[in-house]
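Last residue of the sequence shown: 257 in the numbering used here, with the numbers rising by one and none dropped.
Heads up, the beta-carbon is just placed ideally off N, CA and C, and yes, glycines get one too.
Following: one structure in structure tokens, then a few remarks.
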Amino acid sequence: MHDGCSGKFDDGMQVLAKLRMMGFSKQAMPFPMTFTCKECGEEITMTTFEYECPHCGMIYAVTPCHAFDVENILAAGKAKK
């Protein structure tokens with residue numbers, strides 16, 4: 177289902193599932209966003225709509241419609257290794 181830019185998400189896992197379903201997860205963001213990882217505290221620069229922290233493996237997600245503000249980026253859990 178596609179809700180356009182009006183879709184609401186309860187958590188990062190929902191955002192991640194939507195990105196993967198729509199095929200956007202590996203696409204480049206309009207511009208990179210730098211922020212502090214909530215898990216390890218390292219500064220990271222997110223370059224794709226789905227991004228894994230290179231320091232600890234925490235996955236972050238943001239929809240293309242909301243990729244204009246770092247506040248919209250949500251943690252979606254750690255990558256399974």
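{"Query": "Roughly how far, in whole angstroms, is the beta-carbon of M189 from the beta-carbon of E215, given that I think they are within contact range, below 8 Å?", "Result": "With 8 Å as the limit, M189 and E215 do not qualify as a contact, their Cβ atoms being about 15 Å apart."}
{"Query": "Comparing C-alpha positions only, which one of S201, K256, L250 and H242 sits nearest to D186?", "Result": "L250"}
{"Query": "Check for me: the alpha helix (DSSP H) holding A255 runs from which residue to which?", "Result": "Neither: A255 is in no alpha helix (DSSP H) and is coded neither H nor E."}
{"Query": "Near K254, what residues of its chain come up, given a Cβ to Cβ distance below 6 Å and the 5 sequence neighbours on each side ignored?", "Result": "G233 and M234"}
{"Query": "Name the DSSP bridge partner or partners of F211?", "Result": "I220"}
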